[in-house]
Amino acid sequence: HPTHYLHEKVVKEGMSLEEYALSDLAPELNSGQVRVLSGDESVDTLSGSAPCGPEILAKAKENLIEHFSIVGIAEHFDESLILMKRLFGWTNVLYSKRNVSEIRAVQAQLSLATIRQIEERNALDMELYQFACRLFDDQLRQRDLGLKIETEAFRLFNRIGNTAHVPLRSWVKTRTLHKDSDRSVIR
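Taken in order, the sequence shown gives residues 132 to 318; the numbers are from the working numbering.
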């Protein structure tokens, strides 16, 4: 993206996605999430360049548990928003997609060797992601009461733009689960 701080350098050097991902242009290209979430200045993405290891990963995991009220997962974006809405008492979490690339890099465009190198460079991030997914699943189990119905209603409202300003909770109360599926019907 043109506003990214490395965009000009990457474009000027004509770097491919593979060259960029395997470069040492910035610490975040090597377990960047672990670096940020660890809170350890020796490895952070702004000033640190020390290598990450298991102790830094452990600190990142500890920080997720101790200092974050909720963990959201991109693949479960809507459910994450609903959990945040409930936890923080938000009333409107509708969103529109912005800055979404129409040209997505396809994994097939990268060689298997490159994919393996990227995975190796980000093994700690991948482990942290699996840990975060388990935390997210735990959060879902703890707060599941009506989550499927509320998420379905949210997706519907979000799709149509919710210009009617109908309070989500009152609309959700008028819905019941169909006995044979996860689909709900309006009563």
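The C-beta atom is built at its ideal place from N, Cα and C for all residues, glycine as well.
Classification of residue i by the beta-carbon crowding that lies within 10 angstroms, buried from 16 upward
i	result
aspartate 269	exposed
asparagine 161	buried
arginine 166	buried
leucine 214	buried
proline 133	exposed
aspartate 256	buried
valine 330	A query on residue 330 cannot be resolved here, the shown segment of the chain reaching from 132 to 318 and no further.
proline 158	buried
Near the ligand MN: residue i beta-carbon under 6 Å from a heavy atom
i	result
proline 185	Judged by which ligands are present, the structure shown has none, so any question about the ligand MN falls away.
Residue i (DSSP reduced to helix, strand or coil)
i	result
lysine 228	coil
aspartate 256	helix
isoleucine 249	helix
phenylalanine 199	coil
serine 242	coil
glutamine 274	Per the sequence shown, residue 274 should be read as arginine rather than glutamine. Coil, per DSSP.
aspartate 269	helix
alanine 205	helix
glutamate 144	coil
leucine 188	helix
asparagine 194	helix
alanine 157	coil
Run of the alpha helix (DSSP H) containing residue i, from where it starts to where it stops
i	result
isoleucine 213	208-219
phenylalanine 285	278-291
tyrosine 136	Note, tyrosine 136: premise wrong, no alpha helix (DSSP H); not H, not E.
leucine 148	148-152
Short CB-CB distance (under 7 Å) between residue i and chain D
i	result
leucine 259	Structure shown: chain D not included; a single protein chain is present.
Nearest-angstrom Cβ-Cβ length linking residue i and residue j, presumed shorter than 8 Å
i	j	result
phenylalanine 267	isoleucine 204	5 Å
leucine 259	lysine 192	7 Å
arginine 217	arginine 274	6 Å
Quick check for students: name the residue ranges of the beta strand (DSSP E) that lie wholly in the region 159-186, counting only runs of 3 or more. DSSP runs (the beta strand (DSSP E)) wholly in the region 159-186: none.
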